[in-house]
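Engineer: In UniProt numbering, the protein residues as written are 1 to 119. Before anything else, here's the structure in question.
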């Protein structure tokens, strides 16, 4: 099963995503609370997939996607966005994200996106 890095500035959001993933047999190998830490953790852990929030302090998800993609052009990233962030979602897809999920999360949608991206 795929190893996953979860990036969100809200701890309860990371917990929710982690819960959905582990119940479905995925391994969460790391968590980060902002884009800077996400890039560090990506280098350290080399996960199969990153689930990344868009709006975060220090470095947002879009900048983090660009940096991760510059480290590994094959990196697989799914973005998380709140309602009404369509422009940012489009920007993150252009930066190299493969898919996006909208908050509040539905477990089925999260798993569907993960399966689509990592199989």
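C-beta: ideal position from N, C-alpha, C; glycine also. These figures come from a predicted structure and were not determined experimentally.
Which same chain residues, not among the five before or five after residue 103, have their C-beta less than 8 angstroms away from its C-beta?
Structural biologist: Here the question's residue 103 lines up with position 103 in the chain shown. 13, 80, 81, 82, 83, listed in sequence order.
Engineer: Quick one: Cα of residue 112 to Cα of residue 51, how far?
Structural biologist: Against the chain shown, residue 112 aligns to sequence position 112. Against the chain shown, residue 51 aligns to sequence position 51. Taking the straight line from one Cα to the other gives about 13 angstroms.
Engineer: Only counting the same chain, and skipping five residues up and downstream in sequence, which positions put a Cβ closer than 7 angstroms to that of residue 39?
Structural biologist: Position 39 of the chain shown, counted from the first residue, corresponds to residue 39. 64, 67, 68.
Engineer: Tell me where the alpha helix (DSSP H) around residue 16 begins and ends.
Structural biologist: As a working mapping, residue 16 is identified with position 16 in the chain shown. Element bounds for residue 16: 11-23.
Engineer: Leaving out five residues on either side along the sequence, give the residues of the same chain with a beta carbon under 8 angstroms from the beta carbon of residue 49.
Structural biologist: For the purposes of this step, residue 49 is taken as residue 49 along the chain shown, with counting starting at 1. Here the set comprises 2, 3, 4, 5, 76, 77, 78, 114, 117, 118.
Engineer: Going by beta-carbon coordinates alone, are residue 31 and residue 7 separated by less than 9 angstroms?
Structural biologist: Mapped onto the chain shown, residue 31 falls at position 31. Mapped onto the chain shown, residue 7 falls at position 7. With a cutoff of 9 angstroms on beta-carbon distance, residue 31 and residue 7 are scored as near each other.
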